[in-house]
Amino acid sequence: RGRLTRESVQSAPAVLKYASPFQSDPPRKGTPMTTHTTSDADGTTIVHGDERPWIPVPGFAGVFIKVLVADEALKQVVFMFKFAPGTVLPRHKHLCHAIGYTVSGSWRYETGALREGSLAYEPYASDHVPSSAEGAEIVVFLKSENDLFLENEMPDGSTFTMDMNFFKLLHGLTAEQAAEFRIPGLG
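Our numbering runs 166 ahead of the 1-based position in the sequence shown.
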């Protein structure tokens, strides 16, 4: 329940379909995402995060995500996350390994605070509620054995699983599409 699948993407509102990895010819609406370059010499990819849009997380004022990499072959995702002051997010369980680096501000789990420069190394099956009293910006690296990353307990009682399809969808959104983006379980 709440898991993003090929069928749910294909039946989703048109705004989500523009970025669907399952479409062969997406409509030409909004600004194309040309925010990275790849070297032919060694395969290194440079991502210009400042050129990617912050996507507001529905249901949480001042909370944003910016997906930088969604690598299906390696089952890895890298994203930036911005907490507004006073944010308390839903409990989530890791279906992957995660590393979270605090770029600015501070945030916390029940087990401790992470100030600027702190790193959280989060093992598979760790379970916690992220929050931030002052606001924070973090960079998160996720590595999965399959395509599943995070399982969120939503305010309406449902579970929303963030899988590779979800992150690929976010990675492809333009700023215009991001303004209309919705997450199941958040009304």
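Even for Gly, the Cβ is constructed at its ideal location relative to N, Cα and C.
Euclidean distance between Cα positions of K334 and A236
Position 168 of the sequence shown holds residue 334. Position 70 of the sequence shown holds residue 236. Between the alpha carbons of K334 and A236 lies a gap of roughly 6 Å.
Helix, strand or coil: which one does DSSP assign to N331?
Taking the first residue of the sequence shown as 1, we reach residue 331 at position 165. N331 falls in the helix class under three-state DSSP.
With 8 Å as the threshold, decide whether the Cβ of A207 is near any Cβ in chain B.
Included in the structure is just one protein chain, with no chain B present.
What distance in whole Å lies between the Cβ atoms of G271 and E288, which are believed to be in contact at a cut-off of 8 Å?
What you label residue 288 is simply residue 122 of the sequence shown in a count that begins at 1. What you label residue 271 is simply residue 105 of the sequence shown in a count that begins at 1. Wrong, their Cβ atoms sit about 19 Å apart, outside the cutoff.
Do L308 and C262 have their C-beta atoms closer together than 8 Å?
Working through the sequence shown from its first residue, we reach residue 308 at position 142. Working through the sequence shown from its first residue, we reach residue 262 at position 96. Result yes, Cβ atoms of L308 and C262 sit closer than 8 Å.
Out of F230, A299 and L316, point me to the one whose CA is closest to A291's CA.
Within the sequence shown, the letter at position 125 stands for residue 291. Of the candidates F230, A299 and L316, the one whose C-alpha sits nearest the C-alpha of A291 is L316.
Assuming contact is defined by CB atoms lying nearer than 8 Å, are E319 and P256 in contact in what I supplied?
The residue labelled residue 319 in the question sits at position 153 within the sequence shown. The residue labelled residue 256 in the question sits at position 90 within the sequence shown. Closer than 8 Å, so yes.
Short of 6 Å in beta carbon distance, which residues of its chain neighbour K248, apart from the five on each side in sequence? Order them along the chain.
Taking the first residue of the sequence shown as position 1, residue 248 is located at position 82. Same-chain partners within the cutoff: F230 and E303.
According to DSSP, simplified to helix, strand and coil, what is H258?
Numbered from 1 along the sequence shown, position 92 holds the residue referred to as residue 258. In the structure shown, H258 sits in a strand (DSSP, three-state: E or B).
Start and end residues, beta strand (DSSP E) containing A344
As a working note, residue 344 is residue 178 in the sequence shown. Not the beta strand (DSSP E): A344 falls in the alpha helix (DSSP H), residues A341 to A344.
Helix, strand or coil for H337? Go by DSSP, reduced to three states.
Along the sequence shown, one-based indexing puts residue 337 at 171. Helix at H337.
For G278 and P219, the rounded distance between their alpha carbons
In the sequence shown, counting from the first residue as 1, residue 219 sits at position 53. In the sequence shown, counting from the first residue as 1, residue 278 sits at position 112. C-alpha separation (whole angstroms): 30 Å.
Using C-beta distances below 7 Å, list every residue in its chain close to E276, excluding the 5 sequence neighbours before and after it, in chain order.
Residue mapping note: residue 276 aligns to position 110 of the sequence shown, counting from 1. These residues qualify, in order along the chain: H294 and V295.
P251: which of E342, N312 and G228 sits nearest, CA to CA?
Within the sequence shown, numbered from 1, the residue matching residue 251 stands at position 85. The candidate whose alpha carbon is nearest that of P251 is G228.
Comparing alpha-carbon positions, which option in V305, V243, E342 and V233 lies nearest T268?
Position 102 of the sequence shown holds residue 268. Ranking V305, V243, E342 and V233 by Cα distance to T268 puts V305 first.
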